[in-house]
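Undergrad: I have a structure I would like to understand better, so I am pasting it below and will then ask my questions one at a time.
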Amino acid sequence: MDPADDLPQRASAPAARVHFQLFADAAPGHIRWRLLSGNRREIGRSVASYADADECRVHINLMLAQLPLMTTRVVRASSSSWSWEMLLGTQLTVISGRRFDRQIRCAQALALFRELAPEAVIHPAVMPALARRGGGERVALLPARAGAVRLGRALR
């Protein structure tokens, strides 16, 4: 009998649930991405928007390949909050998904992004803006095809 058999087993590794979500901004033809944790909290997001889902996926992979080259900084977002930024050269590329009340929490969230992003999968569907923000009518998500963003039909 292997001694490892007696150790508690985790159902799944936390990084396995982390994923990149593509979402459509309110303006047509603007697809962005964000990295979501296993509990669906936003860890970070793209600064740029892309013409279609395929271009967005390409840029996620480029960002991941260039992750070790990126410089990072924790900045004051307001008099009482902090955010983080990642730059490739002088170009702002990735930003924190939210503001933090403490500088140390912000730095920890940045480290978490750098740790989890390389292991994350890219979700195949594009989330419509209304469904993501919780406003308006709920819609079913449909997989994006050939770069087209499609809104689903209303759920009942």
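One point on numbering: in the numbering used here, the residue at position 92 of the sequence shown is 95, and numbering is uninterrupted.
All C-beta atoms, glycine included, are put in the ideal place defined by N, C-alpha and C.
By Cβ distance below 6 Å, which residues in the same chain neighbour A80 in space, the five residues on each side in sequence not counted?
TA: Residue numbering aside, residue 80 sits at position 77 when the sequence shown is read from its first letter. Excluding residues within five positions, the ones whose Cβ falls inside 6 Å are S86, R102.
Undergrad: Is V129 closer than 8 Å to F23 when the C-beta atoms are compared?
TA: Counting from one through the sequence shown, the residue named residue 23 turns up at place 20. Counting from one through the sequence shown, the residue named residue 129 turns up at place 126. Their beta carbons are not under 8 Å apart, which means F23 does not touch V129 by this criterion.
Undergrad: Within its chain, find whatever has a CB closer than 6 Å to the CB of W36; leave out the 5 residues flanking it on each side and keep chain order.
TA: As a first step, residue 36 must be located in the sequence shown, where it is residue number 33. Within the same chain, W36 has close Cβ partners F23, L25, S49, C59, I63.
Undergrad: According to DSSP, V129 sits in a beta bridge with which residue or residues?
TA: Stepping through the sequence shown from its first residue, residue 129 is reached at position 126. DSSP lists L25 as partners of V129.
Undergrad: Along the chain, where does the alpha helix (DSSP H) containing V61 start, and where does it finish?
TA: As a working note, residue 61 is residue 58 in the sequence shown. 56-69 is the extent of the alpha helix (DSSP H) around V61.
Undergrad: If G2 and E45 are in contact, beta carbons under 8 Å, what's the gap, nearest whole angstrom?
TA: Outside the shown range of the chain (4 to 159) lies residue 2, about which nothing can therefore be said.
Undergrad: Closest to I96 by CA distance: which of R20, N42, V124, T75 is it?
TA: Taking the first residue of the sequence shown as 1, we reach residue 96 at position 93. It is Thr, not Ile, that sits at residue 96 in the sequence shown. For T96, the nearest C-alpha among the options comes from T75.
Undergrad: How big is the Cα-Cα spacing for A30 and M89?
TA: In the sequence shown, the residue the question calls residue 30 occupies position 27. In the sequence shown, the residue the question calls residue 89 occupies position 86. Going from the Cα of A30 to the Cα of M89 covers about 25 Å.
Undergrad: Going by C-alpha distance, which of P121, P131, L38 is nearest L70?
TA: Taking the first residue of the sequence shown as 1, we reach residue 70 at position 67. With distances taken between CA atoms, L70 lies nearest to P121 out of P121, P131, L38.
Undergrad: Closest to R105 by C-alpha separation, out of L65, M66, V78, would be which residue?
TA: The residue you call residue 105 lines up with position 102 of the sequence shown. For the residues L65, M66, V78, the minimum Cα distance to R105 belongs to V78.
Undergrad: Buried or exposed for P131, please, with buried defined as at least 16 other CB atoms from any protein chain shown within 10 angstroms of its CB.
TA: As a first step, residue 131 is located in the sequence shown; it is residue number 128 there, counting from the start. With 16 or more other Cβ atoms within 10 Å, it is buried.
Undergrad: How would you label V61, buried or exposed, when you count the other beta carbons within 10 angstroms and need 16 or more for buried?
TA: Position 58 of the sequence shown, counted from the start, is the residue given in the question as residue 61. Counting Cβ neighbours within 10 Å, V61 comes out exposed, since fewer than 16 surround it.
Undergrad: Give me the residue from V124, G41, I98 with the minimum Cα distance to L113.
TA: Counting from 1 along the sequence shown, the entry for residue 113 is found at position 110. It is I98.
Undergrad: Can you tell me where the beta strand (DSSP E) holding L72 begins and where it ends?
TA: Against the sequence shown, residue 72 aligns to sequence position 69. Premise fails: L72 is in no beta strand (DSSP E) and is neither H nor E.
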